[in-house]
Each structure stands twice: as structure tokens, then as C-alpha cells.
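Below is one structure, written out as C-alpha cells; the observations come after it.
2 protein chains.
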Amino acid sequence: MPESKIIDLFALNTSSGIPIYRQLVDQIKQAIMMGMLEKGQQLPSVRQLAKALQINPMTISKAFAQLELEKILERRRGVGMLVAQQSKQTEVPLVVSESMQKFIKIAQQHDLDNEAIMLLIQQGLSVKIEGNQS
Amino acid sequence: MPESKIIDLFALNTSSGIPIYRQLVDQIKQAIMMGMLEKGQQLPSVRQLAKALQINPMTISKAFAQLELEKILERRRGVGMLVAQQSKQTEVPLVVSESMQKFIKIAQQHDLDNEAIMLLIQQGLSVKIEGNQS
DNA sequence: CCTAGTGTATTAATATAATAATACACCATT
DNA sequence: AATGGTGTATTATTATATTAATACACTAGG
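Here is the structure:
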């Protein structure tokens, strides 16, 4: 994916109540999972993004700081940012996406809305382990 | 489910960063979805819960205020709280749970952790319509 | 070295949310 | 009406998170 198009990956919603930097973090992880960003891929500069998205450069930087902590991106002062070669986030296998789509379809056919679906999954994930982690 | 056992439904984590009242809201919705709370079912009183869970009564009340707004519970001053007969939250059909469990199993077999699974679903839900928007 | 491009540490301003204390409102039973 | 149980509006405190401004740090290329 050409660097110029990467900016189009981001769809920020400033009135959703979800912090901008978190939206950035999530959307980058998702882009990698969907195969839209590859390891070694260079990202647009903090200032380019900040200008294009009309937000403060530090907000971008904060998002990337978190992503670096999680070993997903590498930041290089004076150079730029790129998807880490050893990124912990990787593209999701097709069978997984397919299984998910099947599940979502069935859930929607039974009138579950998005929030209910998220809650159900959350429940499903926490039940696996007896007692609560998190 | 006997009222005395309902308190056991709640597993609050005061150090998770997730607000207590939101944990209560989510856990009640989940309990209904899992069939552990039924329509018309009476809930323990605000003060009983507050004492058992070691939190302020107003925190319980806040959670229930939200659930009433969403037409899930009914609150009756001087009487108590109960699951609304017309509750918008309903038990999830078995086929849905099964499909979900299948999906979770496959995802975990492919090394997705809980956070990745949640992000994936979130992505899956936001990409509603495949096709042209031209 | 100088410049113009990278990213960022520090700090401050803002915004907002979460929790709790209090006193009050409502209801059923006597 | 008195009592003892319900829930709650109001208010204040606290905590904390988010965003932004500024000045600084690093790098590549001329």
C-alpha cells in the first residue's frame, strides 16, 4: 500500500467520546490484522498525519508511543515510523475472518445489535478462565 | 435464580480502570443474555448490593439509572428493582452462542489474544456493507 | 556545519468522569 | 401517622485522562 494512501485508513471521530489517540492505536492494529499494512512498511510522518487529520502532532506521537511499547511499530527519531519487522500484530488467517463473519451474520439475523455482540464476545472470552482476570 | 444468589453474579474489579458502574451495567446485560436473569425477576436492593459489594449505594443507583434508560430494568421507589417485562435485553439463542464459541475457539487456535479478538470483531462490525458506494 | 526534515520530553490547560455524603422522596405495613 | 424498608436528586470531592504548546533531540543530505 502506497504511503500516500495510508492516510485514508484513518477515520477519526472527534465526537464519539473515544479518545483520538486510542482510535489511532486501534485502527492501526486493525489495518495490520486486515493485511492493509505490512511489516517494514513506512508510515507518513507525524506532521503529515497531524496536518491531514487536523490534530495535534503530539496526539499522533502518543498513539505511536503506545504502539511501540506493544512492539507493533518502530519509531526512529529523525527518520520516521514503520511497522516493526517483528510486529506482534500480524495479519489474521482467512479461516478466522470467515468464522467471524459467519458468527456476526448469525448474531445479526437474531437481532443482536453491535453492542450486544461485543458484550457477548466479552462474556465468551471471560468465561474460558474460571474467575476473573483482566 | 434466587435473589440471594444474584449477588454472586457480580465480580467487580476496582483496579481494572473500568468504572464500577459500567461493570455493573455490562454484567447485568450479560447475565440476561446468558439466561441467568429473567424478565420480572426481582433484584437485591441498592443497599444490599452496596453492602455486599462494598461500594457506595449511589454507584449502584447510577448503573440502574442507565439500565432503566435503556429499558432493561424497572425501578420502583419504595419497592425495588426488577428486570423489565419488556426488557430490550433478552436471552441469546443457542445457535448464536454456539457460533460464537466456534469462532472464539478458531481464533484462539490461531494465537489471537483477547484484545485482538475484540478488535477484529469491532472491525467486522464496522465494515457493514461490502460493495460500491460510488 | 547548516538546514529541513524527522520524532518527543515536559509542561500546562482542559475537560470530564467517577465516586461519595447528605438529605430527601416514595411505598407498604402496622 | 409511625416505621423501616425501598430508590435518588443534589452537590462536592476527587481523580485522571486528553489534548495541546513549546522547546528540544536526532538524522540525512547538501
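Going line by line, the protein sequences match chains A and B.
If you read the first sequence in this note's numbering, its first letter stands for residue 1, the second for the next number, and so on.
If you read the second sequence in this note's numbering, its first letter stands for residue 135, the second for the next number, and so on.
Heads up, the beta-carbon is just placed ideally off N, CA and C, and yes, glycines get one too.
For residue i, I'd like the list of residues in its chain whose CB is within less than 8 angstroms of its CB, leaving aside the five on either flank, ordered along the chain.
{"i": "N147 (chain B)", "result": "Q157"}
{"i": "K222 (chain B)", "result": "E204, K205 and I206"}
{"i": "S268 (chain B)", "result": "Here S268 (chain B) scores only 29 on pLDDT, less than 50, and its place in the model is too uncertain to base an answer on."}
{"i": "Q66 (chain A)", "result": "Y21 and V25"}
Based on Cα-Cα distance, which residue from the options lies nearest to residue i?
{"i": "I206 (chain B)", "options": "B:K236, B:D245, B:Q182 and B:K163", "result": "B:K163"}
{"i": "Q85 (chain A)", "options": "A:Q42, A:I20 and A:I60", "result": "A:Q42"}
{"i": "A52 (chain A)", "options": "A:S87, A:E74 and A:A11", "result": "A:A11"}
{"i": "E38 (chain A)", "options": "A:E74, A:T59, A:Y21 and A:L49", "result": "A:E74"}
{"i": "K62 (chain A)", "options": "A:V25, A:Q54 and A:L119", "result": "A:V25"}
{"i": "L125 (chain A)", "options": "B:D245, B:Q235, B:H244 and B:G258", "result": "B:Q235"}
Indicate the three-state DSSP secondary structure (helix, strand or coil) for residue i in the structure shown.
{"i": "Q89 (chain A)", "result": "coil"}
{"i": "D142 (chain B)", "result": "helix"}
{"i": "R156 (chain B)", "result": "helix"}
{"i": "M100 (chain A)", "result": "helix"}
{"i": "M34 (chain A)", "result": "coil"}
{"i": "L82 (chain A)", "result": "strand"}
{"i": "Q188 (chain B)", "result": "coil"}
{"i": "L228 (chain B)", "result": "helix"}
{"i": "E74 (chain A)", "result": "strand"}
{"i": "E41 (chain A)", "result": "Note that residue 41 (chain A) is Gln in the sequence shown, not Glu. Coil."}
If residue i and residue j are in contact, beta carbons under 8 angstroms, what's the gap, nearest whole angstrom?
{"i": "I166 (chain B)", "j": "E225 (chain B)", "result": "7 angstroms"}
{"i": "V261 (chain B)", "j": "I106 (chain A)", "result": "So it is not a contact: roughly 17 angstroms between Cβ atoms."}
{"i": "I215 (chain B)", "j": "F198 (chain B)", "result": "The residue you asked about is not Ile; residue 215 (chain B) is Met in the sequence shown. About 6 angstroms separates the two Cβ atoms, so the contact holds."}
{"i": "E20 (chain A)", "j": "I55 (chain A)", "result": "Just to set this straight, residue 20 (chain A) is Ile in the shown sequence, not Glu. Indeed they touch by this definition, with Cβ atoms about 6 angstroms apart."}
Which same chain residues, not among the five before or five after residue i, have their C-beta less than 6 angstroms away from its C-beta?
{"i": "L9 (chain A)", "result": "A31"}
{"i": "R47 (chain A)", "result": "P57"}
{"i": "I251 (chain B)", "result": "A241"}
{"i": "N114 (chain A)", "result": "none"}
The stretch 138-168 of chain B: which residues have C-beta closer than 7 angstroms to a C-beta of chain A, in chain order?
Taking a C-beta cut-off of 7 angstroms against chain A, the contacting residues of the stretch 138-168 of chain B are A145, N147, S150, D160, K163, Q164, M167 and M168, listed in chain order.
Quick one, which residues of the stretch 55-79 of chain A are near chain B if we go by CB-CB under 9 angstroms, in chain order?
Here the close residues number zero.
Along the stretch 229-240 of chain B, what residues have a CB closer than 7 angstroms to any CB found in chain A?
Within the stretch 229-240 of chain B, the residues whose Cβ lies closer than 7 angstroms to some Cβ of chain A are V229, V230, S233, M234, Q235, K236, F237, I238 and I240, listed in chain order.
Using Cβ-Cβ distances below 9 angstroms, what residues of the stretch 216-228 of chain B are close to chain A?
Within the stretch 216-228 of chain B, the residues whose Cβ lies closer than 9 angstroms to some Cβ of chain A are Q223, T224, V226 and P227, listed in chain order.
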